[in-house]
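For the sequence shown, the tail end lands on 540 under our numbering, and the numbers increase by one without skipping.
Idealized CB from N, CA, C, for every residue including glycine.
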Amino acid sequence: MPGNTHQPATRVVHLTAADQTTGAIAPPLHLSTTFERDADGGYPRGFTYARPANPTRALLEQTIAALEGAGAAACFSSGSAATAAIFGALAPGDHVVAPQEAYYGTPTQLTGWFARWGLRCTLVDTSDPGAIAGAMTGQTRMLWLESPSNPRLRICDIEAACDVARRHGALVVCDNTVATPLLQHPLALGADAVVHSTTKYISGHGDTLGGAVALRDPGGELAGRIFEQQAQLGAVPSPFECWLTLRGMRTLALRLRAHCENARRVAEFLSGHPAVTATHYPGLPTHPGHAVAARQMRDFGGLLSFEVAGGRPGAFAVIARLGLIRRATSLGSVESLAQHRASQEGPDTRSPEGLIRMSVGIEDPGDLIADLRQALEAAP
Ligand SMILES: *Cc1c(COP(=O)(O)O)cnc(C)c1O
């Protein structure tokens, strides 16, 4: 892989030096579950068995670590498994401060599975450093952040939040899935670890599930607990999934340019449309987090949401009329997806009933806007 002098858009294309044994330019797919030992019992190439480490997964981990400016990374079988590995690195009785508005599965893990397991949590508005400070207790071991957040693209000032956490001796972990490592570097802003659902932009084609944790300090206690969970609990991705993720990742910079440009065009269209009561996109100057996002992100990403009148039936009626934009959950793939977030999340949702979340794909932006226009303007 090219060194630190190259820009991330270059590094993500040139993932690896040519394969040592064959000269292959494209990354090889290593399916072997086991690796040969020397006659004296050693493992001279560093690989023993595919659960603790596999060469294809190792390349993915090195690539994600390099892009995040991390000391190391660990891949998991899903973004949710990566999140669980972070909370699983804490001890029963520890307290976590996390955002009120975040990917639904994150507070659900904290208030469900990990509450039974003995973790305690307080959910606050993490866009307010004062609210974070007010939630810190003597047992607070971790602050979880997600910026931009789901589903209203709320922005947290990561540097200010990290300052508060550091004063209280708490670790900071940031879910960087929506921004991607090409648009935002939480570790450079003070976070200790970054979590990704690689299912989304990093793999980018909606055909593989995966997650990753990138760690500032590869020798620290948190890193040790994360690697221990990979090796002992085994929620690791298969080599083929790692290979698919690497395959998709090589076009990450190119895809993101189209996602960001299309999202900007779609957000501008929606924010000027009379049937839309609110448009949530941090690239809009009217968004409450715009100034902070402009400071801590290179661009504003491909995810947005908007609200229409008429609550749940009003939102369902608009989604039902979409033709090109597909009705499905998830985000970060090449095709545009729209969903009614509240009904996806279930009874405890904080998502407004009239809210539609849209993952803006890489199609022609004029086609996307035409589809939205006819869906918003058709007689109900
Ligand atoms: C999808 C997602 C997750 C969970 O990842 P999975 O790969 O679906 O388990 C976590 N955080 C964010 C922001 C997500 O979008």
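Reduced DSSP category for residue i - H, G, I as helix; E, B as strand; rest coil
{"i": "PRO162", "result": "Summary for PRO162: the model assigns pLDDT 47, below 50, so the residue's position carries little reliability, and this model does not support an answer."}
{"i": "SER357", "result": "strand"}
{"i": "PRO346", "result": "coil"}
{"i": "PRO399", "result": "helix"}
{"i": "THR405", "result": "helix"}
{"i": "ARG385", "result": "helix"}
{"i": "HIS433", "result": "coil"}
{"i": "ASP335", "result": "strand"}
{"i": "HIS450", "result": "helix"}
{"i": "THR216", "result": "helix"}
{"i": "HIS419", "result": "helix"}
{"i": "THR439", "result": "strand"}
{"i": "ALA330", "result": "coil"}
{"i": "LEU497", "result": "strand"}
{"i": "SER490", "result": "coil"}
{"i": "LEU536", "result": "helix"}
{"i": "ASP531", "result": "helix"}
Residue i - partner residues in DSSP beta bridges
{"i": "LEU515", "result": "GLU467"}
{"i": "LEU414", "result": "DSSP, once it has assigned bridges, lists no residue as partnering LEU414."}
{"i": "ALA232", "result": "LEU375"}
Contact with chain D by residue i, beta-carbon distance below 9 Å
{"i": "ALA480", "result": "Chain labels in this structure do not include chain D; a single protein chain is all it has."}
Output the residue ranges of the alpha helix (DSSP H) runs that lie fully inside the region 165-205 and measure 4 residues or longer, sorted by chain position.
-> Qualifying alpha helix (DSSP H) stretches, in chain order: 168-171.
Segment contact, 8 Å Cβ cut-off, at least three pairs: the region 274-294 with the region 242-262 | With the rule of 3 Cβ pairs closer than 8 Å, the region 274-294 counts as touching the region 242-262.
Evaluate the contact criterion for the region 236-255 versus the region 366-373: three or more CB pairs, one atom per stretch, below 8 Å.
-> The region 236-255, when compared against the region 366-373, does touch it at the 8 Å Cβ threshold.
Along the chain, which unbroken stretches of the alpha helix (DSSP H) at least 4 residues long are found entirely within the region 247-321?
-> Runs of the alpha helix (DSSP H) inside the region 247-321: 265-271, 273-276 and 289-295.
State whether the region 214-228 contacts the region 186-204, with contact taken as three or more CB pairs (one from each stretch) at a distance under 8 Å.
-> At 8 Å Cβ cutoff, the stretches touch.
Decide if the region 328-345 is in contact with the region 303-316; the criterion is three or more beta carbon pairs, one per stretch, under 8 Å apart.
-> Touching, yes.
Hey, is the region 418-438 in contact with the region 456-475, meaning 3+ C-beta pairs nearer than 8 Å?
-> Judged by Cβ distances under 8 Å, the region 418-438 makes contact with the region 456-475, as three or more pairs qualify.
Three CB pairs or more closer than 8 Å across the region 391-400 and the region 520-533 = The region 391-400, when compared against the region 520-533, does not touch it at the 8 Å Cβ threshold.
contact_flag[the region 267-276, the region 308-324] where n(CB pairs < 8 Å) is 3 or more = No contact exists between the region 267-276 and the region 308-324.
If we count Cβ pairs, one from each stretch, closer than 8 Å, do we get three or more for the region 512-521 versus the region 491-499?
-> Yes, since at least three Cβ pairs between the region 512-521 and the region 491-499 fall closer than 8 Å, the two stretches touch.
Determine contact between the region 435-445 and the region 337-349, defined as no fewer than three beta-carbon pairs at a distance below 8 Å.
-> The region 435-445 vs the region 337-349: no contact.
May I ask you to verify whether the region 352-365 touches the region 197-209, counting CB pairs closer than 8 Å and requiring at least 3?
-> In short, these stretches do not touch, since the Cβ pair count stays below three.
Take every Cβ of the region 477-497, pair it with every Cβ of the region 528-537, and state whether three or more of those distances are shorter than 8 Å.
-> Segments in contact, yes.
Between the region 464-479 and the region 445-456, do at least 3 Cβ pairs fall closer than 8 Å?
-> By the Cβ test, the region 464-479 is not in contact with the region 445-456, since fewer than three Cβ pairs between them sit closer than 8 Å.
Is it true that the region 344-357 meets the region 315-327, where meeting means three or more beta-carbon pairs spaced less than 8 Å apart?
-> Yes, the region 344-357 touches the region 315-327.
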